[in-house]
Amino acid sequence: MSDFLSQFFPPQPTDQQSIITIDTPLIEDDDANRRQKAEDIALITAYGENLSLYRKLKINGEGERR
Amino acid sequence: MIADMLKKLFELIVGPQPMSLHSRPTERQLIHEESKYGRNIFGPAPAGRRRDFFCLDAKTWIWNEEWTDPFTGQKQSSMIRYEIHSHGVLKIRDNQEPVYIEGQELTNLANATRLYFEQVVYNVYHYDPNTGHPLPKHLTPERSPY
Chain A
1 MSDFLSQFFP PQPTDQQSII TIDTPLIEDD DANRRQKAED IALITAYGEN LSLYRKLKIN
61 GEGERR
Chain B
67 MIADMLKKLF ELIVGPQPMS LHSRPTERQL IHEESKYGRN IFGPAPAGRR RDFFCLDAKT
127 WIWNEEWTDP FTGQKQSSMI RYEIHSHGVL KIRDNQEPVY IEGQELTNLA NATRLYFEQV
187 VYNVYHYDPN TGHPLPKHLT PERSPY
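Line by line, the protein sequences give chains A and B.
Counting with the working numbering, you get residues 1 to 66 for the letters of the first sequence.
Counting with the working numbering, you get residues 67 to 212 for the letters of the second sequence.
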């Protein structure tokens with residue numbers, strides 16, 4: 001009987017679930033911003049560090065081996 | 067004090083560099099050569115303005131603009147130093163509070179550093195920026211003295 005009724009009256013979200021549903025888009029935006037920020041910082045860091053390595057190679061004459 | 071030191075360092079880097087094809091370049095000479103590409107990343111500077119953008123070291127990028135005030139005829143300049151930290155990029159300007167850049171400004175800086183890296187690695191160091199492999203002789207740009 002309860003299975004039969006549940007087809008017409010699906011479980012209602014709890015208060016906690018409701019809050020998550022309402023906030024989900026905002027949380028996703030925050031996550032996207034955080035990911036983008038982390039990605040940007042990682043890229044800038046990597047380019048700076050790699051350029052330093054190319055400079056060191058050139059200063060130490062590594063390019064002359066080619 | 068630090069701003070004055072940076073200005074002097076900047077003048078040393080972007081000023082005329084004695085060059086020798088037969089000796090290994092100094093870091094200063096390499097930064098000077100790199101900055102020739104960095105200044106064009108953002109398109110041509112407006113008439114009467116000089117723009118420089120370069121990587122000072124692994125954790126510091128410099129943006130500098132110089133122009134002459136049309137009313138006073140005096141030389142003006144604006145320098146921004148970007149310090150790279152693990153949790154953010156600190157933007158430091160003369161007489162202003164340092165701020166961590168966010169959002170589109172941070173993404174723009176990341177794009178600028180990528181373009182700088184690609185152009186400099188190809189033209190100054192003669193490596194393929196995508197693979198890291200040395201460029202074959204026939205693809206090596208002739209413009210760079212190094």
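Note that beta-carbon positions come from the ideal geometry of N, C-alpha and C, so glycine has one too.
Quantities reported herein were computed from a predicted structural model and do not represent experimental measurements.
For B/G104, the three-state DSSP class (helix, strand or coil): By 1-based counting over the second sequence, the position of residue 104 of chain B is 38. In this structure, B/G104 counts as helix in the three-state DSSP scheme.
For B/L181 and B/P202, the rounded distance between their alpha carbons: Taking the first residue of the second sequence as position 1, residue 202 of chain B is located at position 136. Taking the first residue of the second sequence as position 1, residue 181 of chain B is located at position 115. B/P202 and B/L181: Cα-Cα distance of roughly 21 Å.
Neighbourhood of B/T126 by C-beta distance below 8 Å, restricted to the same chain and skipping five residues each side: As a first step, residue 126 of chain B is located in the second sequence; it is residue number 60 there, counting from the start. Cβ neighbours of B/T126 beyond the five flanking positions: R147, Y148, E149 and I150.
Start and end residues, beta strand (DSSP E) containing B/F119: For the purposes of this step, residue 119 of chain B is identified with residue 53 of the second sequence, where counting begins at 1. Taken as a continuous stretch (DSSP letters only), the beta strand (DSSP E) holding B/F119 covers R115 to D123.
Test: B/T179 CB closer than 8 Å to a CB of chain A: Working through the second sequence from its first residue, we reach residue 179 of chain B at position 113. Output row for B/T179: interface = yes.
CB-CB length for A/K58 against B/Y191, believed under 8 Å: Here residue 58 of chain A corresponds to residue number 58 of the first sequence, with the count starting at 1. Here residue 191 of chain B corresponds to residue number 125 of the second sequence, with the count starting at 1. 6 Å between Cβ atoms; contact.
Limits of the unbroken beta strand (DSSP E) element including B/E132: Numbered from 1 along the second sequence, position 66 holds the residue referred to as residue 132 of chain B. Per DSSP, B/E132 belongs to the beta strand (DSSP E) from T126 to T134.
Proximity to A/L51 [Cα-Cα], best of B/H98, B/N161 and B/F183: Numbered from 1 along the first sequence, position 51 holds the residue referred to as residue 51 of chain A. The shortest C-alpha separation from A/L51 is found at B/F183.
Distance CB(B/G104)-CB(A/I41) smaller than 8 Å: Walking along the second sequence from the start, residue 104 of chain B turns up at place 38. Walking along the first sequence from the start, residue 41 of chain A turns up at place 41. No, Cβ-Cβ distance for B/G104 and A/I41 is not below 8 Å.
Where B/D123 meets chain A, residues with beta-carbon distance less than 8 Å: Counted from its first residue, the second sequence places residue 123 of chain B at position 57. G48 and S52, listed in chain order.
Cβ-based burial, B/F137 [other Cβ within 10 Å; buried from 16]: Residue numbering aside, residue 137 of chain B sits at position 71 when the second sequence is read from its first letter. By the 10 Å Cβ count, B/F137 comes out exposed.
Residues sharing a beta bridge with B/E149, DSSP: As a working note, residue 149 of chain B is residue 83 in the second sequence. Bridge partners of B/E149: B/T126 and B/L156.
From B/F76, B/T173, B/A178 and B/L205, residue whose alpha carbon lies closest to that of B/Y188: Residue numbering aside, residue 188 of chain B sits at position 122 when the second sequence is read from its first letter. Among B/F76, B/T173, B/A178 and B/L205, the Cα nearest to that of B/Y188 is on B/L205.
Alpha-carbon to alpha-carbon, B/S143 and B/M71: Locating residue 71 of chain B in the second sequence gives position 5, counting from the first residue. Locating residue 143 of chain B in the second sequence gives position 77, counting from the first residue. Rounded to whole angstroms, B/M71 to B/S143 spans 15 Å at the Cα level.
For B/F183, the first and last residue of its enclosing alpha helix (DSSP H): For the purposes of this step, residue 183 of chain B is taken as residue 117 along the second sequence, with counting starting at 1. Taken as a continuous stretch (DSSP letters only), the alpha helix (DSSP H) holding B/F183 covers G169 to N189.
B/Q170 versus A/D31 - alpha carbon distance: For the purposes of this step, residue 170 of chain B is identified with residue 104 of the second sequence, where counting begins at 1. For the purposes of this step, residue 31 of chain A is identified with residue 31 of the first sequence, where counting begins at 1. About 16 Å.
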